[in-house]
Structure formats: structure tokens, C-alpha cells
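Working notes, structure below.
Protein chains: 4
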Amino acid sequence: MYKGKVVLAYSGGLDTSVAIKWLMDQGYDVVTFTADVGQVVDLEACKERALLTGACNAYVMDLKEEFVQDFVWPALKANAMYQGTYPLTSALSRPLISKYLAKIAEIEGAVAVAHGCTGKGQDQVRIEVCTRALKPDLKVLAPVRDWHFSRDDEIDYAKEHGIPVPVTKKSPYSIDENLWGRSIECGPLEDPWTEPPSDAFKLTADPWDAPDEVEYVEITFKEGLPVALNGEEMDGVALIAKLNEIAGKHGVGRIDMIEDRLVGFKSREVYECPAPVVLLQAKKALEKMTLAKDVIAAKADLELKYAELAYVGYWFSPLKDALDAFFNQAQKVVNGVVRVRLYKGQSTVVGLKSPNSLYVDDLATYSTGDSFDHSAAVGFINIWGLPVVTWKQVHGSKKPAYQCEASSEKEPISSNQKG
Amino acid sequence: MYKGKVVLAYSGGLDTSVAIKWLMDQGYDVVTFTADVGQVVDLEACKERALLTGACNAYVMDLKEEFVQDFVWPALKANAMYQGTYPLTSALSRPLISKYLAKIAEIEGAVAVAHGCTGKGQDQVRIEVCTRALKPDLKVLAPVRDWHFSRDDEIDYAKEHGIPVPVTKKSPYSIDENLWGRSIECGPLEDPWTEPPSDAFKLTADPWDAPDEVEYVEITFKEGLPVALNGEEMDGVALIAKLNEIAGKHGVGRIDMIEDRLVGFKSREVYECPAPVVLLQAKKALEKMTLAKDVIAAKADLELKYAELAYVGYWFSPLKDALDAFFNQAQKVVNGVVRVRLYKGQSTVVGLKSPNSLYVDDLATYSTGDSFDHSAAVGFINIWGLPVVTWKQVHGSKKPAYQCEASSEKEPISSNQKG
Amino acid sequence: MYKGKVVLAYSGGLDTSVAIKWLMDQGYDVVTFTADVGQVVDLEACKERALLTGACNAYVMDLKEEFVQDFVWPALKANAMYQGTYPLTSALSRPLISKYLAKIAEIEGAVAVAHGCTGKGQDQVRIEVCTRALKPDLKVLAPVRDWHFSRDDEIDYAKEHGIPVPVTKKSPYSIDENLWGRSIECGPLEDPWTEPPSDAFKLTADPWDAPDEVEYVEITFKEGLPVALNGEEMDGVALIAKLNEIAGKHGVGRIDMIEDRLVGFKSREVYECPAPVVLLQAKKALEKMTLAKDVIAAKADLELKYAELAYVGYWFSPLKDALDAFFNQAQKVVNGVVRVRLYKGQSTVVGLKSPNSLYVDDLATYSTGDSFDHSAAVGFINIWGLPVVTWKQVHGSKKPAYQCEASSEKEPISSNQKG
Amino acid sequence: MYKGKVVLAYSGGLDTSVAIKWLMDQGYDVVTFTADVGQVVDLEACKERALLTGACNAYVMDLKEEFVQDFVWPALKANAMYQGTYPLTSALSRPLISKYLAKIAEIEGAVAVAHGCTGKGQDQVRIEVCTRALKPDLKVLAPVRDWHFSRDDEIDYAKEHGIPVPVTKKSPYSIDENLWGRSIECGPLEDPWTEPPSDAFKLTADPWDAPDEVEYVEITFKEGLPVALNGEEMDGVALIAKLNEIAGKHGVGRIDMIEDRLVGFKSREVYECPAPVVLLQAKKALEKMTLAKDVIAAKADLELKYAELAYVGYWFSPLKDALDAFFNQAQKVVNGVVRVRLYKGQSTVVGLKSPNSLYVDDLATYSTGDSFDHSAAVGFINIWGLPVVTWKQVHGSKKPAYQCEASSEKEPISSNQKG
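Residue numbers (the UniProt record's numbering), protein chains in the order written: chain A, 1 to 419; chain B, 1 to 419; chain C, 1 to 419; chain D, 1 to 419.
Printed below as a string of C-alpha cells:
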């Protein structure tokens, strides 16, 4: 029975190639969509393979610039790191892919979209929620979740249907990659006591193999976004690519964490994100120079909330929009240059300057230029301390804190009467 | 006119030695108090110098163990880092010193306590607030803030009163040190564009001078506190000292930040805290294995609040007590061993194991042992996404997000009709 | 096929009576469990009906005291109100019922428990999550969710199996009730523009029918919990029942809100909770007298988190335990008497006294007894304002805020030159 | 010695009239500034009195509209209530007054501004911080804080200098008033056990004297702001004035609280704010219909932060600007009509409708139109409960929660074996 068209997010790999045929078996015409978000991908080869396998149409697109402008940059403004650690590499590309699934479904008059995620990953949640947020009437199909093939079944099915099966030995790792980083799962990494082996990494050198010479990079920020590297202005895609290369060469950007997955369990995740790690570190240092203390404090919680939204598939949500408004306003003054030292796996901020610096020499200095009103301290401390002093006075009839251990003899008091 | 006794927090340096005489000039009998909290100090020499300068009594005490048990460990349980970065080195010793100032004032029948802080630092606030919280009737004197001496005036006064003046050239840096780290201010560090010079550091090697060989340490935690290093049980003071040495040798533990001071301005602060940096990093990694996701999320904000309290002099406050109760409960399951790699300035967690691990292999694995119910995902996603889908349906009469840039032409859509 | 024993949460109504038979049809032996948590229930009649309908065993228990001690009181300590409004009436009884389902399953050697919730309520989530948290190996059955009976089908099935069907006309409302309040849903309430009709309420008078005389009650709190009413000490169950009666008579305790359900949609909910509303209001007023400002501020967020946990079925969770520790510590000083005026639907706190009051007359007064140091204000303001003044100085080269509307002519400035 | 011009915030009362002369005595030319923000004030009489007393120039301005547009409305968007209770009546007028002090100082070439606040109030902080934020080079004088007059001294000084002294007996209360409410302090209110006497109130009837008939008002909101009352569009000033009148007549809008003052102590504050109370209550109810659950949750904390900023004098601060951006975005969908019942001191929301309602009938209903997918619940609950179930499995080797009281005998289990 003919069910209409489905738009399949197509990576070009075995799973989604098999999915083309499987969806056709279910009665769908299959349109594929492949996006270049900075991973290693041959778009033309993808298109060809899709059409050969039976797709009735194959869209391929370079979305790197849109990825950076509309997804990576807002997340950078928000210093978005899930659980304070993960720069949301894969999580940020999912709403972009969902947007185009919905868009192509509209163009093609498709009744459904499909993706190659399994039933325990979080990308299934992100893609389904984002797609249906944009076009609620679309069905979302998940062939890999539904077909219940074993690996061998899948290969048999592929051979049977003339789908090319990769001959190389399967890597032990499961990888996802884009311009904003690379995530590595499975294989030996499933044991959290095991140090990630060198062969898990591709973008970053082992620290001990990194250059013996220190290298400095200077990053210029404008309204919270990087606009130049070592004084040379460049667009976002180029800047991230260049910084990935430089920082990666020095072994900078590896992340290794136990992460709470959206679907309710913990997972060990390894990432390599050279540019994100350096940019987030640099911007946070610059913020401490240019933002008011209470803005820094209020932001901490909102940054985590923002990252959570991106992680759980709530990119197209009103809370995310309101947080963007907050960050856009707050980041207007995050301007300046950050000097970062790269060496043997570590990036270190070693210099900061900004036209908006709130670090004011003549307040901070202990030298003779000091303009701070020292005598104000007396009144300040009086009022500042009033709540705790009042508290202790009210509760003092009990016993002062320092008598609590009166019976303890742990601190012999040594004193000497003079004369 | 005789005003009674004052207890002076006495470091043994020029400022507080001059303060002894100056307070005597004001009509006070001076009792000094010197605490060993892990800095380089010769307690007996201090006592002798105090008495020679005119103190009527001189207390000297080794408080390292109490410092660790009652101040450092609670702060570690709370992952307390001010503005997410500073492990509160100096801030943690101030309430301890205040406690003993109040205690000795009680013993001695003193009417006041005194400290050697200036009028723009934050230690004046911490000491005055903490001391008066414990004993509200005490006056707190700040001779250095009040005497309005220039450096030359002070030296003249010292010479005139027979107080020994150090002959060595004054270091450009202002230093405070204890077992939990070392803070370095002033001199060339006042320019945030300047990389901290090597001579600012004492506990940590320059990364390029650190050993060429990787070193691993294994830290055993029990209820959120470290109890063994490389399998060897040791008490807190010994463990911190040993870890300072090992991590410092590898150049680990340097911190460099623009910090918001309590008295309303920003300051560039440099710290070296080898043990704190490694312990905090290790424990946070272990927490991601042993704590529930919502505990980790809820804690983030409370950790910052805790650090803020310690930083601003609110150690003896009811909010701190309530937060301690929270952290003590939550940390009960933070048990396990963390393997940390030290190399050229960087510490990296590379292994985790715990009897309380919430990382459950057969849920997380993608291998055949998988026990996760994949089919549950369908219902979960349906309900999980319902709020954003509803939102977009209600607001959809306007225009879907993906049409916002309808007029833009930035993404030419490439597609190929098959056949 | 015989499947073993199931423990059914049994209300005595039609749904759960039908469920007894239906579960027996599925191959289970059915043990029923009925708890008295303060609703109108005849425990002995329930037992009899269960056994008559076919249950192999019927447990009935008065759990009112445990309900108050272990569920209501901790929630009151936390000022737990979901979305700031709903005192969690039904949500608090679910973990208690789950605990006994698990306990009886253990005693009876049952393989499953069952409840009468539908598939869109939140009680299904609470009961299933709580029960499996306590005894993860138990299956949880939801006959009403699974049997897909229409109302008529159900009545036919009941008649066919000799289950008594109530002859009275079904109320338009769906009700749940316990000592901590009564929740009312459905019927005319599904239209949020409709004012809840008088017949929806049972515990509270319409304000215009309430007594014309003001009534005062005095509630004594000890460590955050009420221990006496109008000076008369009573246990929790008695105190709540008495206060429900008094406040309800004056029409106090009605709540009407749009509420975000756990399962992803909004619902209009009406509650009547006379005692909870008065107790929460009174305690919050007393807290403002006895708790430090920063404790009040920090608690606000934690109270909402606590309520959320109870609402979403996470009662038996580590975050709830840690929050309990926080609240238990913080509430130690919430002691005192609160005087509340009840009149025509409204409760108003009109008097507060406490042995721990932080309201200190001679600080607060403007009369001659004033002990506040007015001169301290000058220094305080200087330092307090420093961050915003610095901010504006740094950003002032742009234009001061008050010139932003320079071109506007909206405020003609009227002035008069003298002489 | 002539010191230049000072701009004095002039109320027309005794304190600020004496201040004119006192500042002239100190060597200043005095320019007065009187703003109408909705209090009872005769601007022309003020001008005349100022000039008669010796002011060299007297500005009087009706700033009600600007007060509402730029101060009250942003605060309403943020649901700003200090400590969750106080709608910031006085706090909101201070930055407006500060803005005009700075503006007039610029026009007049004044070197200083002055205000009539005492040394323990918070208005001194607000005015000084706000004024110096706008024009950091201005001195801020506080004659009443500095002159150390007793009440009798002040009256003598006034008589001596020909300043008219009010002959009526001084009210026991200290009052501040504007369009957004009225604050009442001092006198009998300083005892928190005393119910506020009727004579403290001016805008609100005693509930028992309010009309015996219920009255309904319908408020139309657009993007979070009220635009019509009972269907009649009106501007902000008119709408607030009208609603103050209607609600006040029914005794609605009284607030009585222990409040944490900015200067470190607690104070008992009484307010009457008829329009603010109704508008805040109505808007919050409408938000629960139109905002997503996570927006409501995230806002709770930001609303308190916003109120805190306004309360402590940080109106002209970057955090406030960023929060405004958040609220402006989030409030775009807060559109609709709220029906409020007023009766005997109480306002109750009894009806809600909105073009943006997220309350979706066919999801929420339990009737036959139900469109919710009940079967999704099974998978949802599975994954939703996974974290707590995992937690308990990992920690289960200890003992399940329900055995904790195994030894307790408080719940005799009643059961009956059938047959």
C-alpha cells in the first residue's frame, strides 16, 4: 500500500542506506537529505548512492554557515555546556537538520520524515521533538529503532538488496562529527576506569606528541563572538576550522565525562572540541573583565538552563528565545582581545584587554595611584555585617559557635606571659 | 588613657609589628595571636618578636588540622569556588583566625581585637564580620587602615621604636599562603595583559620545566572527602601537603582571573593551588558517576552560593549551616577512586570507579548486553515533546520558524530528480 | 494461565471494583489495599466489598498519622506548593500508598501491584515510579488504562460480573480528597472562563455565606511545624482537621489555577485546602521574622524544586533527601505564634511573635531608642554603589541614560527664576 | 564660602524646607525639584514655598506618565515583588527622581544634589546610587542625615528662619505615596504583634466596611501590560488610578510584612496597593495559561532578582537591562482577558481567556473529545522513572526505604483471609 513520501536524514552509511530500502518496503517513496555541517562527507557521492539505492530524490546541502550563525553562535553567547562540560557538539546540529527535514517535507509534500537513530540515543528525541515543533502534522519514523535487525540481519538485508556493505573492519567507536567537535562512544570507552586510547582521537594530538614549543593565539571578540584570530578577521566557519587545527595540534580540546542522558541513564562520553574549548575559556575570561559581578552570577544558572534546552531537544522553544534575548543584551559589552597559550594539551588565558574593561587600575592598585576610598570600609563593614551579628545576638543566649567544642581538647593553647 | 587589652592577629611581619607599638601608643595592652595554617611560619620566632616588641602576651598555635577539618573539608564538599574559579584559599582561613581572636579575647578579657588589613581588601571585612558574629560586643581595630602612614612613614616609625625592618628588597608581590593554596597580587600582575612571570610562583613549576614523564595519582574519596592517595590512607593535612607537592611538581594548579572583590571593584588575582585544583576536579568527576542528574543540577547554584558566603565573610551564618546540611546529605554516596594524570601543567581525570556508581553498564552499552527498553522511547518522546509541539501549534497561525528566512537566499537547495 | 498475586490499590468505587474482576480474568489473584488518608471512607465496608467481589485478601489501614508525619510535614517545612500555588494535596498521598503497595506485595509474595489511574493523569506516574523505586522488580499494572472500556462497557461488565453499580447520578466532577485538601476537576471546570460553581466545593463556604464576624486563630509553630491552635497543643492530624473546619467555615482555602501537568499539557485545577492555605501563609510570615534574608532568598528556589519533585513522582529520590536536610536545618529557628484573621474567604496574618525574632526594635525604630549607626550609611553607600558607578563611568563615553530621550519632548520642564 | 548650586529633591514638607535654608547656610545656592508621581501634591504651592524659603529656582513636574511607562510597566512585566510580597511602590519612584536630579543638575550647572532621607532608610541608598550612576561626578548631600537635629531643634531652626511649621498634630505614621501604592511605617506598626489600625489606611476600606455585593472587573492584557478595564481601553495612568479606586473600595490591596531592609535589618512594613495587587495577581494567572511550564519555572527566580535590583538601588544596571530583555521576549504572548472578583478585602481570579492559550481542551478533557495518546504513558513512565529506579537498585543492597521503620509498630496491618 502506498503511504506517500518520506524525507530521510541520510548520512550515506550502512544504516540509512538500508533504511531507504526498508522504508520503500513499507510503502513509502523516499527522499533523502544530507547536510554538510563540517563532518567529513562527500555530498555528491551521498546523492549518487541515495539515488542508486532507490531514493526518488536526494537533497544535499552545505549548511556550515547557517550552523555557525544560527546554532553555534547563540550557544557560544550562552556559554552553553551541558552539565558544565559538554559544548553540545551533536546536540546543536540536530535542530538544524530537523528544520531542513521539515522544510523539504513541505517542498516535497511528504507525509513523514525519518532518521537513523536507535531507541536509546538522545538524537531520536531531539530530531522528533524539533521536527514536530516545526511541523506538528508530520509523522516521524525511526526505521533503525523499529526494524529489530541484529547487525548480521542488517548485513544480510543489505546484501540481498544490493546495498554496498563497507568491507573495512568496523571501528570499535561510534562517532558523530561536525565543525563544533567530535563525539566518541562505545568500545573500550564503556569502561569508565579505562583511559581513552589514542586511537579514539582524530582532531587532537596526544599531549606528549604535541609540539615542545608554546604557541600563543589572540582571539578578538565582538559582542561575545569571535571575529578575528591573531588579528586577522575571518568568518565563523573559517575561524572555527583554523582554531580547531591550531589547538588540536597542541592536544587541546579533549573532554571525558560521565554524562546524564536525556533518556534516563548515565553514559561515558568522550569528545574532542579544540575550538569550542578555547573559545569558551577565552570568552569566560573576557566576561570576568567586562561584565558586572551580578550579571556573571545570574548568568551561571541560565547558561546551564540553555545548555539543558539544547541537549533535550527544546531548541525551538519559548524559553530558549527568552534566554537568547537575555544573552544578546548581556553580551553587548563582551568586546576585547584574549591571549591564549597552547602547550601540551592545555590552553591557558594569559592576557586580556578590552575597551569595556571594568577592571579599573586606580581602584584596584595598591600603588600610590589608588583612588579607592579606604575610610568608606568602616561604614560598609558595619552594615554588611549587621545581619550576621544580629543573628548571633538573637541566638547567642544558646552558646556561641566557638564554645561548641569546649569539651574538645584538640587545640592546646600555647601562650607565654611576658616578664 | 588606658583602654584595656586588644588581641592582635600577628603575622610577624613589619605591618603587624608596627601595629603592636601603635596600639600601645593608643592606650592598649597588646596580646598577639599567630596561627599556623600551613604557611611558612616560625611560631617560636613570632612569639619572641611579639614579646620583644612589647606584647604583654603572645599566643602561637598550630591550627592546620582544625583548618582542614572545619573549614577546608566543608568547602570541598560544597565544591566551593568563588565565581567558579577561586578555591577560597585565603577566605577559608579568616573565619578560623576570627574564631581564635574571639576565643583569646574571652580568655584574656580583652575589649577589642585587631588585624593588619588595609581599607580596600576583603580580609578586613571577613575578619571583622566573623569576629563580631562570634562575640558582638568586641571592638575590631584596623591600625593599618587607620594610621595613614606612607611606606616611608611606617619605616621611620619602626626604626624610631626599635622594630626590626627587613633589609631585603621588598618583593613586588603581595602574598598570602596556607595549606589550601597561595595567592599572589600586585606588581606586574596589575596589568591583565601581562602573563604572570615565573617568579610569581613558588608551589608550581612552569609547565615547560615540569617532568617529561606523565604521572598518575589515584585519589580515594569517602563521602566526598579524600582519604587516601595512591591507595595509602592519610589524614587531611598530610594528604593535601603531599598532593600539593606532586601536582605542583607537574605545574598543575595555577589560576589567573579577574575577580570581583567584595568591596565593589575588580581585581586581577593569581593563585597557585595544586591540591585544591586536583581534588575539586577529581571529586566533580566522581560526582557525575555517583550523583543523580537532578542533584548535580541543583547543586550547581548552591555551590556558587556557598563560595560566595565564604568569600564575603558570612561563614558563621545560618545559610551556610543549611547548605552544609544539604551537602553532607548529598555527599554520602560520593565514594570511589579517581585516577588523575598529571603532565606539563595539566591534570586530567582518566579513570573512575565507585561502589555507588549510577553508571550501569547494561543500560549504557550499545553491545548485546543492552537492557534498555528501546520501545519505551516512542511514548516518552510523544509526551516529552508535547509542550513544544503544543506551543508551536498554538502560535503556528503566525508563521513557522523555518519560514522566517523565507526571503533569504542563503541556502540554495540542491536536489536531483531520479530517472 | 495463573500469573501470581497482584496488590491493587482499592478505593471501593466502581473502577477499582471492576478492576478486581478484570485482573482475575487476566490470571491474577487479587489482594486489595485501602488506606484512610483522611478522605471519607468506610474501611470495613471496603474490605467487605473487596472480598465479596473476589479479592483473596483485603488490607485496610488508617494511615492518617503517618501521612502527616512523613509526607505532609516535610512538605510544609519546605513550603511546598507546585508552581507556587498548589499545596500538593493528592501528590503527597501517592508515595505513601506506593510504599504500602510495595510492603504488602512483599508480605504477600505478589509479583505485581495495580492501580486505577487512567493514562493521562499524573497519579499513574507517581504510583508507578514510587513503587518501582521501592521495589524495582515489581510489575505495575494499570487496568483502567489498559482495558479500553467505555463508561457503558464498564457498567455492562460490572453488571455481568455482579459488581454493584452506584445508582445515583454521577457527579460532573472528578474528586480526590485527603486530610491535606480536596481536588476537583472536570465538568464545567474544563472551561477556564467559567467561575467554579458553588456545588464544586465541600470543605469551604462561599465567602458571601461565611459568618459576618471576623474570627482570629493563633497558630504556634515549633521548628517550622504547627504544634498548637489557639494555645491548645494537639497532634498533627487533629490540628489539620480542626483548622480545616474553622478556616473552611470562613470560606478560606479555595485555589483555582491553570496547572502544568507532568504529562505535558495544561489543565484547569480547582482545590479547596483550608488548613494548608492558612498554615503555609502563617509559616511564611513567621519565616520573614525569624530567618535571615539570604536564607529566605535561597529557599525560594529550593521550595519550588521540592514541590516539583513531589509533583512528578520523585519523592523517594536523593535530591528530596538532600533538600529535607537543608529545610530541617533552616527551620530550626522557625518558632513563634502567628495570629491569623479569617473573614469572608480571606485569611490575613495580623500578628507575629517569636523567641527567635530577628526583628530588633532598637534597630528598626525611628523613635528615640534607635541604635542604628546612621553615619555608617555614608561608607556603605559608597562601596555599595561602586559597581554601578564604575559601570556607568566605563560606558559613559557613549551617552548617559538620561540623554537617551533628549530629543523627546514629552516632559516640558517647568521652572521659575526667582526674583 | 560659596560652594555652587545644589539640586534638592523637594517634597514641600518641613524637612526639605528646613534643608533649603540649611544648605544655603552651608554655602550653596539651592534649586528645588518636585515631581508628581501620583501622590497628593500641589505643584504650584510647592514651587511658591520653595522660592519663598530661599530657593533660587524651583522645578515642578508631572512625571506620572513617565513613571508608569519606564518604571512601573517594566516592573509589572517582571512581576517584581520584593521578597515575593512588596510591589516596590516607593522603590520604583527613586530612580525616576534620581534621573531628574541629574538632568536638572546638568541644566543648572549644579555641583551637587541633595535629598531629605535619613541615615537608616533605603531611599538614601537608591537616590545616591542612581544619581551617581547617571552622573558620577555629582556630590550627593543628605542634610537630614547630617544635621543631627532633634525634632525640637528642627522646629526651632524653622521658626528662627521663618519657615512655616505645620500646626496639625503629627501623624504617628511615616508615609510615602505614589500611583503604584502607599507605604506606611512607624507608630503602632513597629510592634509586629499589633494588627494595623484602620487609621493607617487611606486607599483601602476595611473589609467589613466594604460593599456587601461582589464586583467583577475584567482586565485586558497585551504583551504583559494592562490595556483595558472592563473592555474600555485606557492609558496606564488612568487605568491604575481607576483600578486603585475600584479595588480599594472593596478593601483589596493591603500588605503587611516583616521586610529585610537593604541596610541590614528587618522592619515591619505595611502597604496598600490596590491596583498593583490586582494586576500582579491577574497577570500571573494569565501567564499560567499562556506561558510554557519551563518559562514559568525559570522566571520565578528572575522575578525575585529583578525586584531585588529595584529594591537595592540597582535600577540603572546592566543586569536589569538583560532581565528586561528576557521579560520583554517572554511576555509577548501574555495576551488575554482576566476576570477578577472583588469582595470584602479579597480579589480572586475567576475567569481567563486568551488567543494564545496553551490550555488545549482536547488534550485536557476527560470527556469523549480526548486527543491525548494514553498509551504513550507506558513508555514515558518507564524512562521518566529510570533514574530513581536505578538509584534505588544501586543503593538497594542497604535497605529499601519501607523497611526503615520495620521495627516500628505504629501501623498494625489489618487483613482478612477470605473463606
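Glycine included, every Cβ here is placed at the ideal spot set by N, Cα and C.
Check                                                                                                                              : Outcome
Local conformation of Phe33/C per DSSP, three classes                                                                              : strand
Touch test, the region 234 to 254 of chain D against the region 50 to 59 of chain D, Cβ-Cβ under 8 Å, three pairs minimum          : no
Best match in Ile127/C, Cys273/C and Ser150/C for proximity to Arg182/C [C-alpha to C-alpha]                                       : Cys273/C
Touching by the beta-carbon criterion (3+ pairs, under 8 Å), the region 144 to 164 of chain A and the region 217 to 237 of chain A : no
Beta-carbon neighbours of Gln329/A, restricted to chain D and to distances below 7 Å                                               : Asp321, Ala322 and Ala325
Length of the line joining the Cα atoms of Ala75/A and Gly351/D                                                                    : 40 Å
Distance between Glu185/C and Arg261/C (C-alpha atoms, nearest Å)                                                                  : 13 Å
Selection of the region 267 to 289 of chain A by Cβ proximity to chain B, strictly under 8 Å                                       : Ser267, Arg268, Ala285, Lys288 and Met289
Cβ contact (3+ pairs, closer than 8 Å) linking the region 321 to 336 of chain C and the region 212 to 229 of chain D               : no
Local Cβ density within 10 Å of Ala19/C, reported as buried at 16 or more and exposed below that                                   : buried
Rounded distance between the beta-carbons of Phe67/D and Leu179/D, thought under 8 Å                                               : 6 Å
Local Cβ density within 10 Å of Asp156/D, reported as buried at 16 or more and exposed below that                                  : exposed
Chain C residues whose Cβ lies nearer than 7 Å to that of Lys392/A                                                                 : Chain C residues near Lys392/A: none, gap ~11 Å exceeds 7 Å.
Classification of His374/D by the beta-carbon crowding that lies within 10 angstroms, buried from 16 upward                        : buried
Whole-angstrom distance between Met289/A and Gly4/D, CA atom to CA atom                                                            : 37 Å
Within chain B, partners of Ile219/A - CB distance below 8 Å                                                                       : Per Cβ cutoff of 8 Å: no residues; Ile219/A is ~14 Å from chain B at best.
Phe380/C (DSSP reduced to helix, strand or coil)                                                                                   : helix
Length of the line joining the Cα atoms of Val125/B and Leu319/A                                                                   : 39 Å
Residues that Lys305/B contacts on chain C, provided the C-beta gap is smaller than 7 Å                                            : Ala298
N-terminal and C-terminal residue of the alpha helix (DSSP H) that Met289/D is part of                                             : Pro274 to Thr290
Within 9 Å, strictly: CB atoms of Phe71/D and Leu43/D                                                                              : no
Alpha-carbon to alpha-carbon, Leu358/A and Ser371/A                                                                                : 15 Å
Cβ-based contacts, 7 Å cut-off: residues of the region 139 to 168 of chain B near chain A                                          : Arg145
Unbroken alpha helix (DSSP H) run spanning Ala322/B, endpoints                                                                     : Pro318 to Ala330
Cβ shell of Thr16/B (< 6 Å), same chain only, five flanking positions each side left out                                           : Tyr10 and Gly116
Partners in chain A for Phe380/C, counting only beta-carbon separations shorter than 9 Å                                           : Ala376, Gly379, Phe380, Ile381, Asn382, Ile383 and Trp384
Whole-angstrom distance between Ala142/C and Asp301/D, CA atom to CA atom                                                          : 38 Å
Beta-bridge partners of Pro188/A, as assigned by DSSP                                                                              : None, per the DSSP bridge assignment.
Glu213/A: first and last residue of the uninterrupted beta strand (DSSP E) it sits in                                              : That residue, Glu213/A, is in no beta strand (DSSP E); it is neither H nor E in DSSP.
Cβ of Tyr2/D within 9 Å of any chain C Cβ                                                                                          : no
DSSP-derived helix/strand/coil call for Ser11/B                                                                                    : coil
Limits of the unbroken beta strand (DSSP E) element including Ala112/B                                                             : Ala112 to Ala114
Beta-ladder partner(s) of Phe221/B, from DSSP                                                                                      : Pro226/B and Gly336/B
Own chain partners of Pro188/D with C-beta closer than 7 Å, once the 5 adjacent residues on each side are dropped                  : Pro172, Thr194 and Pro197
Closer than 9 Å to chain D by CB, Asn244/B                                                                                         : no
Contact list for the region 15 to 49 of chain B against chain D, Cβ threshold 9 Å                                                  : none
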